[in-house]
Amino acid sequence: MPLYFDSSFIILIPALIISFAAQAKISSTFNKYSKIRSVNGYTGADTARMLLNANGLNDIPVELVQGKLTDHYDPKNRIMRLSEDVYYGVSVAAIGVAAHETGHALQHQKHYAPLEIRNTIVPVVNISSNASWVLFFIGVVFSIPALVKVGIAFFAAVVLFNLVTLPVELDASKRALNLLENKAILYHEEIKGARNVLNAAAMTYVAAALMAISELIRLIIISRDRD
């Protein structure tokens, strides 16, 4: 989001506050449960490997990736990548995150519709997320309504991506918690802790969706003010 300030910027303030709060929540929640060792003592890598194998996904490698909370499942290359804290971690938080990424692998295996939609629009969003602002502001500055409309349409694709991401992430967390309980990897209070971590993570996606919607509304307002 470019730093363009005018009266319409106020529209973004609630979403910005929610975004900051969501980031603070996931950081504090992950830190809290990363200090609680699981009873079984499995690492995040162990957990991912066991759950993948249990679901016939023995061919998906579990790799180490740099950074904090950079964990993700790569559907294009069918690789799971876990950050150091999760890969080597034996905490409730590490196991919860590893199981969540396994949930994405299971979605891919089962052709979960929202994930299929998200994967399909990723190339479009990668281009439109930056191009939308360039086209929009060129259109505004040089009074070219067609470019303004194209810029807004491009950004609408970003909003769609964020909205589709919500059910994908929530479903992955649901799958993760079911797996952890059914496979007896975590027990009782540990499950509650993992749920708290995944719920906090989900709020960051809700915040991202709200921010995208707010930005789209702002673009529409700016375009109308220039008419």
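Each residue of the sequence shown is one higher than the one before, counting from 182 in this note's numbering.
Glycine is no exception: its CB is placed at the ideal position from the N, C-alpha and C atoms.
Enumerate in chain order the residues of its own chain whose CB-to-CB distance from residue i is below 7 angstroms, with the five nearest sequence positions on each side excluded.
i       : result
Asp-351 : Note on identity: in this sequence residue 351 is Leu, with Asp being the wrong assignment. So the list reads Ala-383, once near-sequence residues are dropped.
Leu-184 : Model confidence at Leu-184 stands at a pLDDT of 47, short of 50, so the residue's coordinates are unreliable and nothing is read from them.
His-281 : Ala-353, Ser-354, Ala-357, Leu-379
Ala-393 : Val-339, Val-340, Asn-343
Asn-221 : Ile-366
Leu-391 : Ala-196, Ile-199
I'd like to confirm the pairing. Which residues does DSSP put opposite residue i in its beta bridges?
i       : result
Tyr-223 : According to DSSP, Tyr-223 bridges with nothing at all.
Arg-262 : Glu-244, His-253
Ser-272 : Arg-218
On the DSSP letters alone, give me the boundaries of the beta strand (DSSP E) that residue i sits inside.
i       : result
Asp-240 : Element bounds for Asp-240: n/a, residue is neither H nor E.
Go to residue i, then tell me how far its alpha helix (DSSP H) extends in each direction, as first and last residue.
i       : result
Lys-355 : 326-363
Leu-391 : 369-406
Under the three-state reduction of DSSP, which class applies to residue i: helix, strand or coil?
i       : result
Leu-184 : Only weak support is given to the placement of Leu-184: the predicted model assigns it a pLDDT of 47, under 50, and the value that follows is read from those uncertain coordinates. Residue state, collapsed to three classes: coil.
Lys-291 : coil
Phe-211 : helix
Phe-323 : coil
Ile-198 : helix
Ile-366 : coil
Ile-192 : helix
Who are the Cβ neighbours of residue i in its own chain at under 8 angstroms, not counting the five residues just before and after it?
i       : result
Ile-217 : Ser-272, Val-273, Ala-274, Glu-371, Gly-374
Leu-233 : Asn-239, Ile-241, Val-243, Met-261, Thr-283, Ala-286
Tyr-214 : Ser-272, Val-273, Ala-274, Gly-277, Gly-374, Ala-375, Asn-377, Val-378
Asp-406 : Ser-189
Val-321 : Val-329, Ile-403, Ser-404, Arg-407
Leaving out five residues on either side along the sequence, give the residues of the same chain with a beta carbon under 6 angstroms from the beta carbon of residue i.
i       : result
Val-345 : Pro-295, Ile-298, Arg-299
His-289 : Pro-256
Ser-310 : Val-339
Cβ pair count under 8 angstroms reaching 3, the segment 386-398 against the segment 301-308: no
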